[in-house]
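Offset between the sequence shown (1-based) and our numbering: plus 22.
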Amino acid sequence: MENKEIAKILEELALLLEIKGENVFKVRAYQNAARTLYS
């Protein structure tokens, strides 16, 4: 599995967590992890 594929999954998880109303910091952690893998 490529980093970009993992990053896409992390982005989707962040979106689902945000929709679910999870902790903002948890959502940001997933978004930041995805951003790191893209770079």
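Every residue, glycine too, gets a C-beta built ideally from N, C-alpha and C.
*Same chain, Cβ closer than 6 Å to Y52, five either side skipped, listed in chain order*: These residues qualify, in order along the chain: L32, L35 and A36.
*Would you identify the three-state DSSP class for N45, choosing helix, strand or coil?*
It is coil, neither helix nor strand.
_Reduced DSSP secondary structure (H/G/I, E/B, other) of E34_ = Per DSSP, reduced to three states, the secondary structure at E34 is helical.
_Spatial distance of E24 from L59 (CA atoms)_ = In this structure, the alpha-carbon of E24 lies about 9 Å from that of L59.
*Within 10 angstroms of its Cβ, does V49 collect 16 or more other Cβ (buried), or is it exposed?*
By the neighbour-count definition (other C-beta atoms within 10 Å, threshold 16), V49 is a buried residue.
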